[in-house]
Amino acid sequence: QKEVEQDPGPLSVPEGAIVSLNCTYSNSAFQYFMWYRQYSRKGPELLMYTYSSGNKEDGRFTAQVDKSSKYISLFIRDSQPSDSATYLCAMSAGGKLTFGQGTILTVHP
Amino acid sequence: DTGVSQDPRHKITKRGQNVTFRCDPISEHNRLYWYRQTLGQGPEFLTYFQNEAQLEKSRLLSDRFSAERPKGSFSTLEIQRTEQGDSAMYLCASSFLAGAYEQYFGPGTRLTVT
Numbered sequence: 001q002k003e004v005e006q007d008p009g010p011l012s013v014p015e016g017a018i019v020s021l022n023c024t025y026s027n028s029a030f031q032y033f034m035w036y037r038q039y040s041r042k043g044p045e046l047l048m049y050t051y052s053s054g055n056k057e058d059g060r061f062t063a064q065v066d067k068s069s070k071y072i073s074l075f076i077r078d079s080q081p082s083d084s085a086t087y088l089c090a091m092s093a094g095g096k097l098t099f100g101q102g103t104i105l106t107v108h109p
Numbered sequence: 110d111t112g113v114s115q116d117p118r119h120k121i122t123k124r125g126q127n128v129t130f131r132c133d134p135i136s137e138h139n140r141l142y143w144y145r146q147t148l149g150q151g152p153e154f155l156t157y158f159q160n161e162a163q164l165e166k167s168r169l170l171s172d173r174f175s176a177e178r179p180k181g182s183f184s185t186l187e188i189q190r191t192e193q194g195d196s197a198m199y200l201c202a203s204s205f206l207a208g209a210y211e212q213y214f215g216p217g218t219r220l221t222v223t
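Chains A and B are the protein sequences, given in the same order. With our numbering, letter number 20 in the first sequence gets 20, and the count goes up by one each step, no holes. With our numbering, letter number 107 in the second sequence gets 216, and the count goes up by one each step, no holes.
Here it is, written out as structure tokens:
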């Protein structure tokens with residue numbers, strides 16, 4: 001079993017929809033939780049990070065962490081075609097990152 | 110302000126050849142990481158440096174792989190006697206020591222072994 005599980009999708013939504021992306025994990029040592037966006041054949045781009053449990057909002061993006069359930073989420077409000085990409089969750093105990101498989105998201109006009 | 114850069118961006122090589130990749134981190138960052146990503150998967154950790162010291166290596170990093178970071182600046186990743194299974198995107202990232210979770214990635218080097 002992988003330390004971090006993420007549904008690969010693909011997920012297809014209409015423009016303006018609210019998108020929910022999720023990951024579960026098994027390693028209780030993880031303290032930092034990140035979301036990256038990756039366009040095709042590019043390096044991952046850091047979107048947000050959260051320390052421990054709680055919510056964090058940045059513009060149209062909201063990250064949630066529930067350590068008791070070992071479950072993290074990323075919500076995208078008012079999704080745009082430019083949000084079409086692969087979204088990767090990543091977790092860390094302080095050093096290396098452990099990634100999920102990535103969810104492919106397509107937002108169609 | 111420049112981000113993380115990697116060179117080359119693409120490399121095609123024949124099985125059995127040696128290849129070397131270079132990563133230049135964000136200049137103020139003292140940690141540098143190497144990851145490997147195959148199609149449809151998330152990046153997998155290979156190794157990381159704090160300044161010039163290599164602090165951790167993954168079991169994925171076989172004896173054919175070696176990484177260096179002389180003088181704590183740029184880093185090189187060498188693969189000897191390449192195999193078809195080495196075909197992947199090799200990603201470099203860097204961070205501050207404090208805030209090591211906040212890693213910034215380069216564009217990657219795409220390796221194809223024929």
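The beta carbon of each residue, even a glycine, is placed where N, CA and C say it ideally should be. Here the structure is a predicted model, which means the values were calculated and not measured.
With burial defined as no fewer than 16 other Cβ atoms inside 10 Å of the residue's Cβ, what is the status of residue i: buried or exposed?
| i | result |
| --- | --- |
| His-108/A | exposed |
| Ser-79/A | buried |
| Leu-105/A | buried |
| Lys-123/B | exposed |
| Tyr-199/B | buried |
| Gln-126/B | exposed |
| Phe-130/B | buried |
| Ser-171/B | exposed |
| Ala-182/B | What sits at residue 182/B in the sequence shown is Ser, not Ala. Its Cβ having fewer than 16 others within 10 Å, Ser-182/B is exposed. |
| Lys-2/A | exposed |
| Ser-12/A | exposed |
| Asn-215/B | At residue 215/B the sequence reads Gly, which differs from the Asn that was named. Answer is buried; the Cβ neighbour count reaches 16. |
| Gly-43/A | buried |
Here's a check: name, in chain order, each residue in its chain whose Cβ is nearer than 7 angstroms to the Cβ of residue i, leaving out the five neighbours to either side.
| i | result |
| --- | --- |
| Ala-93/A | Ala-29, Phe-30 and Gln-31 |
| Val-4/A | Cys-23, Tyr-25, Cys-89, Met-91, Thr-98, Phe-99 and Gly-100 |
| Lys-70/A | Thr-24, Tyr-25 and Ser-26 |
| Ala-197/B | Arg-145, Gln-146, Thr-147 and Leu-220 |
| Arg-173/B | Ile-188, Gln-189 and Arg-190 |
| Gly-149/B | none |
| Gln-193/B | Arg-124 and Val-222 |
So who's on the other strand from residue i, going by DSSP bridges?
| i | result |
| --- | --- |
| Ala-85/A | Leu-105/A |
| Pro-14/A | His-108/A |
| Thr-62/A | Glu-57/A and Phe-75/A |
| Arg-219/B | His-119/B and Met-198/B |
| Tyr-157/B | Tyr-142/B and Glu-165/B |
| Arg-131/B | Asp-116/B and Thr-185/B |
| Thr-24/A | Glu-5/A and Tyr-71/A |
Using a Cβ-Cβ cutoff of less than 6 angstroms, which residues in the same chain neighbour residue i once the five nearest sequence positions on both sides are dropped?
| i | result |
| --- | --- |
| Phe-33/A | Thr-50, Val-65, Ile-72 and Met-91 |
| Gly-158/B | The displayed chain sequence assigns Phe, not Gly, to residue 158/B. Result list for Phe-158/B: Leu-141 and Arg-178, in chain order. |
| Trp-39/A | Inspection of the sequence shows that residue 39/A is occupied by Tyr rather than by Trp. Once the five neighbours on either side are set aside, the close Cβ partners of Tyr-39/A are Ala-85. |
| Asp-133/B | Ser-114 and Phe-183 |
Less than 8 angstroms between C-beta atoms, sequence neighbours within five positions excluded: which residues of the same chain meet that for residue i?
| i | result |
| --- | --- |
| Ser-53/A | Val-65, Asp-66, Lys-67 and Ser-68 |
| Asn-160/B | Asn-139, Arg-178 and Gly-181 |
Regarding residue i and the ligand HEM, is the C-beta to nearest heavy atom distance less than 7 angstroms?
| i | result |
| --- | --- |
| Ala-63/A | Summarising the ligand content, the structure contains no ligands, and the ligand HEM is consequently not present. |
Subject >> Sufficient close CB pairs (3 or more, under 8 angstroms) joining the segment 14–28 of chain A to the segment 69–76 of chain A >> reply: yes
**OP:** With 9 angstroms as the limit, tell me which residues of the segment 166–186 of chain B have their beta carbon closer than that to any beta carbon of chain A; keep them in chain order.
**Re:** Ser-167
Subject >> Cβ-based contacts, 8 angstroms cut-off: residues of the segment 93–107 of chain A near chain B >> reply: Gly-94, Gly-95, Lys-96, Leu-97, Thr-98, Phe-99, Gly-100, Gln-101 and Gly-102
Original post:
Which residues, in order along the segment 33–48 of chain A, keep a beta-carbon less than 9 angstroms from a beta-carbon of chain B?
Top reply: Phe-33, Met-34, Tyr-36, Gln-38, Arg-41, Lys-42, Gly-43, Pro-44, Glu-45 and Leu-46
**OP:** Count the C-beta pairs between the segment 138–148 of chain B and the segment 115–127 of chain B that are closer than 8 angstroms, then say yes if the count reaches three, no if not.
**Re:** no
Original post:
For the segment 51–80 of chain A, which residues have a CB atom closer than 9 angstroms to at least one CB atom of chain B, in sequence order?
Top reply: Tyr-51
Original post:
Which residues, in order along the segment 139–154 of chain B, keep a beta-carbon less than 9 angstroms from a beta-carbon of chain A?
Top reply: Arg-140, Tyr-142, Tyr-144, Gln-146, Gly-149, Gln-150, Gly-151, Pro-152, Glu-153 and Phe-154
Original post:
Got a sec: which bits of the segment 118–130 of chain B sit with their beta carbon under 8 angstroms from any beta carbon on chain A, in order along the chain?
Top reply: none
Subject >> Chain-ordered residues of the segment 205–217 of chain B with a beta carbon less than 8 angstroms from chain A >> reply: Ala-209, Tyr-210, Glu-211, Gln-212, Tyr-213, Phe-214, Gly-215, Pro-216 and Gly-217
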